[in-house]
Amino acid sequence: MRKARLIREEGDAFYHCMSRVVDKRFIFNAKEKNYFRKWMRKLEAFCGVEVVTFCLMSNHFHL
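57 is the number that the working numbering gives to position 56 of the sequence shown; each next residue is one higher, with no gaps.
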């Protein structure tokens, strides 16, 4: 896994996060993608962060 290039300790910052499923399987169909989006928005509010944009594919996602 890659190390972060820059970590800011104050002020606003943008981060790129990515995660892939085990064995690169294709598990995200329309139903799972909708579930993921709902949970992402709930966690966004709970954690006090703003997801500016995201990309959700069949076997991984980027935030």
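For every residue, glycine included, the Cβ atom is placed at its ideal position computed from N, Cα and C.
Everything numeric in this text was worked out from a predicted model, so none of it was measured.
For R21, report the span of its beta strand (DSSP E) as first-last. Residues 19–21.
Measure the C-alpha to C-alpha separation of E10 and F62 and round it to an integer number of angstroms. Approximately 26 Å, taken between the alpha carbons.
Check whether the Cβ atoms of K25 and N60 lie closer than 8 Å to each other. Yes, they are a contact pair.
DSSP puts F62 in a beta bridge; with which residues? Partner(s): S20, L57.
Using the C-alpha atoms, what's the distance from N35 back to C48? Distance between the alpha carbons of C48 and N35: 20 Å.
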